[in-house]
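Written out below as structure tokens is the structure these notes cover.
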Amino acid sequence: MFSFCRWKALVYFNVLAILMKVALQIPGCVYLSSICSFSPSVVQFLSIACIHSGFDLRSNHEETLLPDCKVSPDQAQIFYDTVCFAFLIFQLRIMNSWYFKHVVVEFKAEQVFSARGAMLIGQLIWKTMTKQQERENEVVEKVKRKTELIRANYLSHLKENEYYDPKTYNEAKRAGDYYMFEYDSALDMIDAQHTSKKSTPDESDDDGVGPLQLIHMAVTSDLPLGRIVDEVEEAGNLKKKLPDRKEEKPKVEGKTVDRCCLVGTSRYVKTLLVATLNRLIAYLNYLSHDYRYVAYVLRDEKVKLKSSLSDELSVMFEPDKLQQLINKTEIGQKIYRIPSERWLDKMQEKVENQWEGHGCLRRFLIALYYVIISHTDIVCYLMIILNQMFNASIISLPLPFFAFLWGTLCSPRPPKVFWVTLITYLESMIVIKFIFQFGFFPWNQLTTSNEPFYPPRIIGVEKKGDFAILDVILLMVLFFHRHQLKSLGLWRESMDNTINFDDVDKHGKEPTPEPIILPLDEPGNNGSYEMKEIFPKVESVDEQQQATIQQPCENPVTKNGFLDGILLYFDPIKRFYQQVINPPFRYITDLYAWMFLCDFICFLISAFSYTSFGVDTGRGDVVADIQSNKVPLPYVIILITLMVLMIIDRAIYLHKNVLKKLIFQYFLVFGTHIWIFFILPAITGRMSVKNKPAMLWYMVKGIYLLISSVQIRCGYSSQSLSNFLTKQYGLVNYVLFTCYRVVPFLFELRSLIDWIWTQTSMSLFDYITMENIFARIYTIRCSREIEKDYPQRKGEPRTVCNKYTYGLPVLVGLVAILWLPLLLFSTVNSIGMRLLPSNAKFQITIEGYPALYTSEAQGPFIRQLIPSEFDNLYLNYTSKHASTFLREYSPIDTVHTIFRVDSDTTWTISNPAKEALINQVKSSAELTLTIFFKYIRPAQSSSEPNAEHSFIRQMTLAANSQTRLALAEALTADSSTVVVVEKAFPSLVVVPALGNVHPAFSLVDLSASDSSAAYSDIYLRLHQVKQHPNNLMSPSGNDNDTSVNTDRPTSGVDLRTCWWQVTMNDPPIKWNQHQLLKQDVKVEQADDLNLNDTVDDSFEKAAEPITWSGINMIAFVDRVFPSALSYFTSRGIIGVYIVVVFAVARYVRTATMTPSMELTISEIPNVDPVLRLCMDVFLAREAKDFALEVDLFAKLLFLFRSPETLIRWTRHKVE
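So that you can map any letter, position 1159 of the sequence shown is 1159 in UniProt numbering, and since no number is skipped, the others follow by simple counting.
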């Protein structure tokens, strides 16, 4: 009744708000200016604004209003108020309906069973803990029993002086002998059976044929797919019955065969999908098996309670009478009773078989639903992390602190006070944010700053449109989780944390006294009727006397009353940490693998996005920085810090110290939040929300902190016997473990860290040897399990499908690797990238003297051929060899390069050097002329250098040859002799993808006796200009005027400017075919001469037969490989074969060639005894029995040293 009145009051307030908004339209549209001049805060507080767009005075009012007096018209709308009013009326109608009585009954039933689920979950945890402890004790006892037998046998032989008594560790590890295997072999058989039972949860829950087994049957069997489905449906399990492939197939017609094949294929695909869903359903059910059990039991008990007390629950509101009524019923007496273990097993079996008859899709949806509702606490924690990511404020910072440092550390689950505190704080935060959205606050009237530490933003009271969207979503998720806790009976904890089965059905034992349920005087929080339980406890006489003696001494007012009052508030904190260190429920689990995965992801994010973590040096690209051999120091410090944290976490895990892990957890929680939300924005100058890599890093780190908290809550296992990947055996574990072993240094680092922080008597190399032995035995064990899952019938040949499925891809891979380099380089012009040269340089020098001629071509002087030019070039060559070569290129792959006639630089040589050159040319001394040019390609990316392809031709000019005589004459003053250098320059060249430029020999006549036919003659001429002392050029400005003006004194100084001109006799493309006209070239040449130069044209007559058009060159440019392949292709074909093909060939040879000694290990028929021996070594190490550890290690070494013992010990036992 009281609740109904509160709903009415809420409706009245809603109606009042609507009326007030309507009434405030009069001052908002008429008197807004007056109210603003009186008090702008009143306008902001009451959200006074005119929402009538047709009001005439509205625009005039808005123009004269001050900025702090403007309110958005949306705040004065009544749309959401109307929607809220409709929902409130609908709610009142529901409360007055007959249906609401059923809601009240359900609500009362939830209150009655508010702690029942906690007791049932505690029962399951206690059962699991008991089984874990029994299993560990059983394994330890078996190892001790075998060791005692071995030790007794050893002592008996030692007395007879048959064996040597080792004194040191090295002697002890080599002291293994036959006596270590002389005991009852039944113990090894039991251990082997225990070892073989290890499997993944999804495999243990689903015994049917798996999807991989169905695929294996289709590949390895010649039967039709429909027949395979029939065999699977009949057998139900692959290990029970294999398809009989020798059965004759019935003869049917062709159309019938096609129809049967289509139907069989569809049935096979359906069976494969169902098998996949069944495995997924089994795994989902494994994740939610405890909550499914609780939901089933509570639903059954609620039905019984409501069927017996339906009317009383709907009309009775007094808690005392209701409680007395419930206590009298049978179901009320069992509310806090813990049933027997047999009843628990029976109920769990019912839960597992509850949905057995339903369809696969429906079972999948139900399993998915139960997984979600059974882990709504994880959803709440993830939403808290997302809320802090996007809010990044001080006011929201307590939320992740509550989650990481309180809720996730509580065992077995967070208490009710945690969720109430979280909801209360979140509601308060939303209200505070809403209050600070009013415009009368000074900072809301200013322009928003982009500074990361803008006070309203960092505090969390910044005015924005979506100020509380994530907060409201988080609040809804929390209320949904609260509802799930109440419906599952987990809202309150059981008063008595001790779990004892009430085995009333066992004979010879007295039943446990029934709990007396006492009601509270008043309803609890949120109107819930919370019930207490008191088990009657019979105290002894001594205890009663002691209590009587102590009672008069109790005085609430003592000397330290004030201090005790303060310490009273710290008692809950003290009890909390005591419960974290020594919880009542500790379901041991190993979550280090998931923590390591999160740390590794954070490491990768920091490595590839280091500029987002305060490193402002470098290029921002990790690959580019490494290629440039420059790595920023802060980047290295960040990675080393993360690795050190990972090593510390591993060391704590090996120590199995919960207190150290708790301290490390607090350090990481505070350090992570201070670094991400305060230090990092100060360094980068960016808000945390806009730093996407940092937010992703925080998200992954938050998941790590959640997993770490669960690890602290559950504690460390006392028997971490092996790698987390080796917990089960199968194809997936085999692949993952093999990949783990392939990662460089990972196995070595893990072994080294484990040896440092694990108490052991082994040396480092013996420890690594032990790990290697275990890894080898484990892979063999996985292979045996794979052989069982995918068997092959004895005496049957491999099917064609099997051979083509496994053999053909390997064959194609080997052939591809063998011929891939040649195929790659032969098709480079088809599949490569087109990178035409952007620059070309040409130089002619005489060895030992300055360069005669230097020119550079770029821009319009180096261009692609147009199709007509390429066609003309193609028609000039009629030979088949040349045509084949030209067909490999296109006009866009061909470059026409023009080097100007005149050198870009003057020939600066001193007179003594010139005289020395003349004397050398005239003498018989060796004289070498060098022709050099190079093409420069642009780089594929900014991080790579430009590619250069050069050509060098050195020609030795014979003494007294026509070239040397002409050169000597040309060097003489005022000479215009043309120097002809025969076969010096290639006019047609190939620019390869890798390597240097070479002439296009394919276009040369094959009948030529040597390769000189690929080269053309060039002509050199020394151009000289005599300058006046006070002028740079002759007044005429004629570049051909070489006359000397002798009217002006030269003071003995020879002001002669010299440069060389070069041309060729037969350019491949004439000037008149080029887009650059001859007149443009002449103008460019004339620009090189000054107006006052006097040009000597005494050789003009001799140069008439020669067309001085410069150097023309046609370059056929090969395409280049992408940068991804440049690492392999940069070494050429031979390099690729040496680096890639030979390395792959060596790996394949190592994989296919099995040494004879390796067969002793790899073909062990029954590997379980050896694997059990390795596990015994780990177990002795965990138990800190180091003498036993050495003895078992010696036994293992002797087993591999003695093939006879290995064969005898690992053969299959006949049961």
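Beta carbons are placed, not taken as given, at the ideal position from N, Cα and C, and that holds for glycine.
Keep in mind it's a predicted model, so treat the numbers as computed, not measured.
Alpha carbon to alpha carbon, how far is V989 from L965? 30 Å
Less than 8 Å between the CB atoms is what I'm expecting for T928 and T956, so what's the real figure, rounded? 5 Å
Three-way DSSP call (helix, strand, coil) for N733 in this model: helix
Checking the sheet assignment: what are the DSSP bridge partners for Q954? T930
When we look at the beta-carbon of M180 and count the other beta-carbons within 10 Å, is it buried (16 or more) or exposed? buried
Which residues does DSSP list as the beta-bridge partners of H655? Its beta-bridge partners do not exist; DSSP assigns none.
Among R1181, A1194, D1176 and H1212, which residue has its Cα nearest to the Cα of K146? D1176
How about R937 and L865: do their beta carbons lie closer than 8 Å? no
Q1024 classed as buried or exposed, judged by whether at least 16 other C-beta atoms fall within 10 angstroms: buried
Excluding sequence positions up to five away, which residues of its chain have a Cβ less than 7 Å from the Cβ of V1004? A1013 and A1014
H1212 classed as buried or exposed, judged by whether at least 16 other C-beta atoms fall within 10 angstroms: exposed
In this structure, does DSSP put H358 in helix, strand or coil? coil
Give the straight-line distance between the Cα atoms of D1093 and R900, rounded to the nearest whole angstrom. Unreliable placement is indicated for D1093, whose pLDDT of 36 sits below 50; no coordinate value is reported for it.
May I have the straight-line CA-CA distance separating Q484 from T376, to the nearest angstrom? 8 Å
Three or more beta-carbon pairs under 8 Å between the segment 633-649 and the segment 423-443, yes or no? no
Nearest-angstrom Cβ-Cβ length linking V417 and F436, presumed shorter than 8 Å: Contact flag wrong, Cβ pair sits at about 28 Å.
Output the distance between the C-alpha atoms of V11 and D81, rounded to the nearest integer angstrom. 11 Å
Answer yes or no: do S987 and I1114 have a C-beta to C-beta separation smaller than 8 Å? yes
Nearest to S783 (by Cα), restricted to the options V735, N657, V1120 and I18: V735
Residues near A152 in its chain [Cβ-Cβ closer than 6 Å; skip 5 each side]: none
Per DSSP, what kind of secondary structure is E948 in: helix, strand or coil? strand
What separation, rounded to the nearest whole angstrom, lies between the Cα atoms of K934 and F677? 55 Å
Buried or exposed (CB count within 10 angstroms, at least 16 for buried), P999: buried
Between the CA atoms of F1200 and L1159 - distance to the nearest angstrom: 12 Å
Looking at the structure shown, is residue 1253 part of a helix, part of a strand, or coil, going by DSSP? For the chain, the structure presents residues 1 to 1215; residue 1253 sits outside this window and is missing.
How long is the line joining the alpha carbons of D571 and P27, rounded to whole angstroms? 58 Å
Excluding the five sequence neighbours on either side, which residues of its own chain have a C-beta within less than 8 Å of the C-beta of K1148, listed in chain order? Note on identity: in this sequence residue 1148 is Val, with Lys being the wrong assignment. The answer, listed in chain order, is L814.
Should R1048 go down as buried or exposed, given a rule of 16 or more other Cβ atoms within 10 Å for buried? Reliability of the predicted coordinates at R1048 is poor, the pLDDT of 40 falling under 50, and the value obtained from them is presented with this limitation in mind. Under this definition R1048 is an exposed residue.
Please return the same chain residues whose Cβ sits closer than 7 Å to the Cβ of P1203, not counting the five positions on each side in sequence. T1160
Can you list, in chain order, the residues of its chain with a C-beta nearer than 7 Å to that of T589? Leave out the 5 residues immediately preceding and following it. C714
Member of V636, T845 and I892 whose CA lies at the smallest distance from the CA of S868: I892
For a test of the three-state rule: what should DSSP assign to L696, helix, strand or coil? helix
Expressed to the nearest angstrom, what Euclidean distance is found between the alpha-carbon atoms of L238 and G226? Low per-residue confidence applies at L238: pLDDT is 40, beneath 50, and the placement is therefore not dependable, though the value from the model is reported in the following sentence. Approximately 16 Å between the Cα atoms of the pair.
Exposed or buried, F13, counting other C-beta atoms within 10 Å across all chains shown (16 or more means buried)? exposed
Are there 16 or more other CB atoms within 10 angstroms of the CB of T760, so buried, or fewer, so exposed? buried
Check: S688 C-beta below 7 Å from any heavy atom of the ligand GTP: Because no ligand of any kind appears in the structure shown, any question about the ligand GTP cannot be addressed here.
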